[in-house]
Amino acid sequence: MIRVEDLWRTYQMGDHALHALKAVDEVIESGEHVAIMGPSGSGKSTFLNVLGCLDSPTRGTYYLDGRDVAGLPDGELAEIRLRQIGFIFQSFHLVARLTAMQNVELPMIFAGVPAAERRARAARALEAVGLSDWSGHLSTELSGGQKQRVAIARATIMGPSLLLADEPTGNLDTHSGAQVLALLDELHRAGRTLIVVTHDPAVARRADRVLVMRDGEIVKRVAGASVTDLASLFDFGEPTP
Amino acid sequence: MKPVDLAGFALRAILTNRRRSGLSLVGVVIGVVAVVTLTAIGEGALRYVTDQFRSLGSSLVIVAPGRNETTGGLPAAFGGVPNDLTFEDALAIQRQVRAVKTAVPIALSSAPVSQQERRRQSPIIGATAALARLQRYEIAYGSFLPETEIDRGGAVAVLGHTVARELFGNASPLGETVRVGGWRMRVIGVIAERGTQFGMQVDETVFVPTATAMRMANKSSLSRIILELNPRSDPTAAIERVKEVLVDRHDEEDFTCISQDAVIESLGSILHILTLVVAGIASISLAVAGIGIMNVMLVSVSERTAEVGLLKAVGASRRQVLLVFLVEAALLSGAGGLLGLFVGEAIVHVGRLLYPAVDAQTPLWAIGAVLGLSFATGVVFGVLPAWRAAGLDPVAALRSR
Ligand SMILES: Nc1ncnc2c1ncn2[C@@H]1O[C@H](COP(=O)(O)OP(=O)(O)O)[C@@H](O)[C@H]1O
Ligand SMILES: [Mg+2]
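The listed protein sequences derive, respectively, from chains A and B.
With the first sequence counted from 1, adding 19 to any position gets you my numbering.
With the second sequence counted from 1, adding 147 to any position gets you my numbering.
So this is what it looks like as structure tokens:
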């Protein structure tokens, strides 16, 4: 379970402070599927990065499975990222000089998993995302959709309970996007907490809940099923200037 | 994270950027080659010089007229003209110093040597029969100077290889007559080809009995007395005793007495220090190479910023990121060290083929030091880039590119 209270992330820009997150309070249950939406610059990625222990809040508390992780030292945060969290990025972030297999093996290297076991597990993970035949290919030889599936295999290889995806279909065509979403759904059904940042109402509709952000705050919480279009979602009931 | 995996990861990164990695290697290679070849030359020179001394025989002591001719003490005029070194001195030493097995009186000069119309200038060494044994001369024809009393002259000569060939061509000189400084001498032997020994060109030299050489050159003093010590006798004690005998005869210490061991030792330590200094200077070039590695690693880190962000996102700690880049730098410089060792040894090998006299060989200590040093160079100069990588903010790093 995720619980954040009065969460701030402030960037000091010279003499004025930019609040990427402003007093965010939120609870996300284990196994929940949550979508985060909002205009560009509203703080979605910042929120996701803090939840992923990749960024530290300037102020506030963050309980992950009951543990206060906001002020942990780097070594322990790295350990949490390694074992409890899986990240999926819009731009895939595969290491270009490594093969698909080697990319999936990366987290296990930092975990000190022996080579033979690493290879066996990576092979199974690649099979699960339908890329058995591509395991020996360099990531530069893969299509966008294939890259993202390798990234999903990598994000899940250590068996994390929390999956964080920042616009995972943002760089993909409809068909590859659908494959990726299907995989994410499958992972969620297997019991993982899934948090997806997206601009696509169709993606948000799959979620249990949708958090809408604006200027660093969560301004709306709606059921995924109720999402129709962006215009109504981003209508914050104010007079437009 | 296992060391093997670290090395594998680093190796892949190095191999991806072959040209850049290669260029940074060159610096290390040059530094290591410098150390390897220079120490090889130094050690070779050391061995060359010691071997030359050793070839003179085991325990030799040399007595020369004049005080301290090697260390440049008071000039002769200051303490008066030194007494001549005479046959009597040599005989007295041989009789009174038990450690001395043989005393060989030596007279050095130079004279024209001719045979019919062929003529050349040659160094003339006046010596006795024992010199051939002490210097390990190999006799090609005939024999060396005859065994007689040491002060006995004779109109006989032994020729060095080159002198014999120049004066007689392929004909045998044995029993023929040569003119040495106007004296007619009968050739009784030829020394086998020998090459330069210690700056003394045996092949060019004519050997005659000491007494004859002194009369030819009109000299009253011996140039040297070479003393062969009995095996297992102590050179230092022997020298003391020789000094006593000579001071007793001359009433002052107007001669110089040095043991060959002492010369070898001091020359050896001078050469060794020289080698160390040269190696030290050469290893400074490794520091320069280290800066090259640091540059390459800094570029690598800035190019791979997004990768660093990703590594952190999948669970790498600061420490692990630091290690990844440190190992990469150490592998680069270590590989440069190994490559440099091979190139350097190849050069040393070629040098040995070209100049077999100087038996150049890189000493083991230098190989160990240079490998350790090149590895350490990578670690030391890799710290800054690795530290920079480890300190990257993962969020900003992932956003870069
Ligand atoms: N490193 C940074 N320095 C300064 N401002 C930043 C930094 N990172 C993000 N921001 C600002 O924080 C706000 C939220 O950014 P972000 O979380 O990336 O938004 P979103 O993902 O919703 O587009 C934006 O105004 C952005 O400009
Ligand atoms: Mg974003």
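Quick reminder that beta carbons are idealized off the backbone N, C-alpha and C, glycines included.
Out of B:T233, B:D198, B:G191, the CA that lies nearest to the CA of B:D401 is found in B:T233.
Closer than 8 angstroms to some heavy atom of ligand 2: that does not describe the Cβ of A:E95. Within chain A, no residue has its beta carbon less than 9 angstroms from that of B:S449; the closest one is some 16 angstroms off. Residue range 35 to 47 is occupied by the beta strand (DSSP E) that includes A:H38. Listed along chain B, the residues sitting closer than 9 angstroms to A:G131 by beta-carbon distance are M148, K149, D152. If you ignore the 5 residues before and after B:L486, its C-beta comes within less than 6 angstroms of the C-beta of V176, all in its own chain and listed in chain order. Proximity of the beta carbon of B:M148 to ligand 1 is not indicated: no heavy atom of the ligand is located closer than 8 angstroms. B:A360 and B:I240 have their C-alpha atoms some 21 angstroms from each other.
Residue pairing by DSSP places B:P259 opposite B:Q268 in a beta bridge.
With a cutoff of 9 angstroms on beta-carbon distance, B:V355 and B:V327 are scored as near each other.
Within chain B, not a single residue places a beta-carbon under 7 angstroms from that of A:G60; the smallest gap is close to 13 angstroms.
At least one CB atom of chain A sits nearer than 9 angstroms to the CB of B:T163. Residue B:G189 holds the alpha-carbon nearest to the alpha-carbon of B:W512 among B:I161, B:D152, B:G189. Taking the C-beta atoms as reference points, A:A174 is found no nearer than 9 angstroms to A:L150.
Comparing alpha-carbon positions, the option among A:D234, A:A115, A:F66, A:S49 lying closest to B:L457 turns out to be A:A115. In this structure, the beta-carbon distance from B:V443 to B:L479 falls below 9 angstroms. Assignment of A:G90 by DSSP, reduced to helix, strand and coil, places it in the coil class. Neighbours of A:V114 across chain B, judged by C-beta separation under 8 angstroms: E454, L457. Looking only at B:P378, B:V424, B:T452, B:L531, the smallest Cα-Cα distance to B:L207 is reached by B:P378. In this structure, the straight-line span from the alpha carbon of B:A339 to that of B:Y284 is close to 7 angstroms. Under the three-state reduction of DSSP output, A:L252 falls in the helix class. Per DSSP, B:F291 is not a residue of any alpha helix (DSSP H), being assigned neither H nor E. Under the 9 angstroms criterion on CB atoms, A:G149 is classed as non-interfacial with respect to chain B.
A:K239 has A:V231 as its beta-bridge partners, per DSSP. Chain A has no Cβ within less than 9 angstroms of the Cβ of B:F472. CA-CA distance, B:A476 to B:V461, rounds to 23 angstroms. Straight-line measurement puts the Cα of B:G491 at about 7 angstroms from the Cα of B:A181. Not a single CB atom of chain B sits nearer than 9 angstroms to the CB of A:I21. In this structure the region 380 to 398 of chain B does not lie against the region 293 to 311 of chain B, because fewer than three pairs of beta carbons, one per stretch, are closer than 8 angstroms.
In this structure, A:V216 has its beta carbon less than 8 angstroms from a heavy atom of ligand 2. B:T509 and A:D74 have their C-alpha atoms roughly 54 angstroms apart.
Under the three-state reduction of DSSP, B:S406 is assigned to strand. Ordered by chain, the residues meeting the criterion of a beta-carbon within less than 5 angstroms of a non-hydrogen atom of ligand 1 are A:Y30, A:A39, A:S59, A:G60, A:S61, A:G62, A:K63, A:S64, A:T65. A:F108 belongs to the set of residues whose beta carbon lies under 9 angstroms from a beta carbon in chain B. When DSSP states are grouped into helix, strand and coil, B:P212 belongs to the strand group. The bridge partners DSSP lists for B:Y195 come to none.
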